[in-house]
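Residue numbers (the UniProt record's numbering): 1 to 251. Where a beta carbon is used, it is the ideal one built from N, C-alpha and C, also for glycine. What follows is a single structure, written as structure tokens, with notes after it.
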């Protein structure tokens, strides 16, 4: 199962803790790191069992699940930048007066109104989630859509692709297999998304590429490797240093 599928299909409790448990391991929902059970892990001169070490990993790598989630694209969270800032301050345990002074807005009653609006958003979200869960039990014709990757920079109609359509696109543009060269670069946005996902999935997730190394890897898929590299960045699959000296897969 793809990481994005694991993330989006996780329960609310799993999302809150930031990892899922399987028979043999714990997997971080935020970066895909897997911690095997039955092993003792060292950290800062102490030893930890697997689940505790996973929590340490989340704290040391992502700061907190809250920080990771609130940093996601606004089309994935549904929050404005102002709402995100307020939530960050609430999470830090600051009082309404402290927040009013820090943001230099309105009065403490204005902050309370924001709290009420966010609480209303929570109630609406719970109702909607309940309806969608009930719908799953009845809607036998619902198609399986292409999951949205967590680092997506643009979430729009291009993700309106079913898994059947995805398979057809892959077969068309990767006739020799997804680890071989493209037949051509797709002209349509939806087709590009599918192709780029496959290429990004083949890159080493924990590896830092220099430009020459990445170019050589992408050239195996398409002669115009600079085009592929640009689109991988544009779609949020990879990131780079501002000087272009290092590239890595985004998680």
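Check, Outcome
"Three-state secondary structure (DSSP) at residue 156?", "coil"
"Could you spell out where the beta strand (DSSP E) holding residue 98 opens and where it closes?", "Not the beta strand (DSSP E): residue 98 falls in the alpha helix (DSSP H), residues 96-103."
"From the DSSP output, which residues share a beta bridge with residue 120?", "Per DSSP, none; premise fails for residue 120."
"Going by beta carbon distance, what residues of the same chain come within less than 6 Å of residue 86, once the five residues before and after it are set aside?", "114"
"With 16 other CB atoms within 10 Å as the buried threshold, where does residue 253 fall?", "With the chain represented from 1 up to 251, any question about residue 253 goes unanswered, as that position is not in the structure."
"Measure the alpha-carbon distance for residue 1 versus residue 214 and round it to whole angstroms.", "Confidence is the limiting factor: at residue 1 the pLDDT is only 43, short of 50, which leaves the residue's position unreliable, though a coordinate-based value still follows. Looking at the two C-alpha atoms, the distance is approximately 25 Å."
"Threshold first: 4 residues or longer. Then list the alpha helix (DSSP H) segments lying entirely within the UniProt domain \"DUF2087\" (182-249), N to C.", "189-202, 211-219 and 225-234"
"Taking the alpha helix (DSSP H) that residue 58 falls in, what are its first and last residues?", "50-62"
"Would the beta-carbon of residue 173 fall within 8 Å of that of residue 195?", "yes"
"If you pair each beta-carbon of the region 45-53 with each one of the region 90-99, do three or more pairs fall below 8 Å?", "no"
"Whole angstroms is fine: what's the gap from residue 131's alpha carbon to residue 137's?", "10 Å"
"For residue 166, collect the residues of the same chain with a Cβ closer than 8 Å to its Cβ; drop the 5 residues on either side in sequence, then sort them by chain order.", "146 and 194"
"Please state if the CB of residue 251 and the CB of residue 32 are separated by a distance shorter than 8 Å.", "yes"
"Considering only the alpha carbon of each residue, which of 21, 134 and 211 lies closest to residue 244?", "211"
"Tell me whether the beta-carbon of residue 108 lies closer than 8 Å to the beta-carbon of residue 94.", "no"
"Please state the DSSP three-state secondary structure of residue 33.", "coil"
"Comparing C-alpha positions only, which one of 192, 124, 206 and 200 sits nearest to residue 159?", "192"
"Starting from the C-beta of residue 62, find all residues in its chain whose C-beta is less than 6 Å away, skip the five residues before and the five after it, and write them out in chain order.", "30 and 68"
"Using the Cα positions of residue 74 and residue 81, report the straight-line distance between them to the nearest angstrom.", "8 Å"
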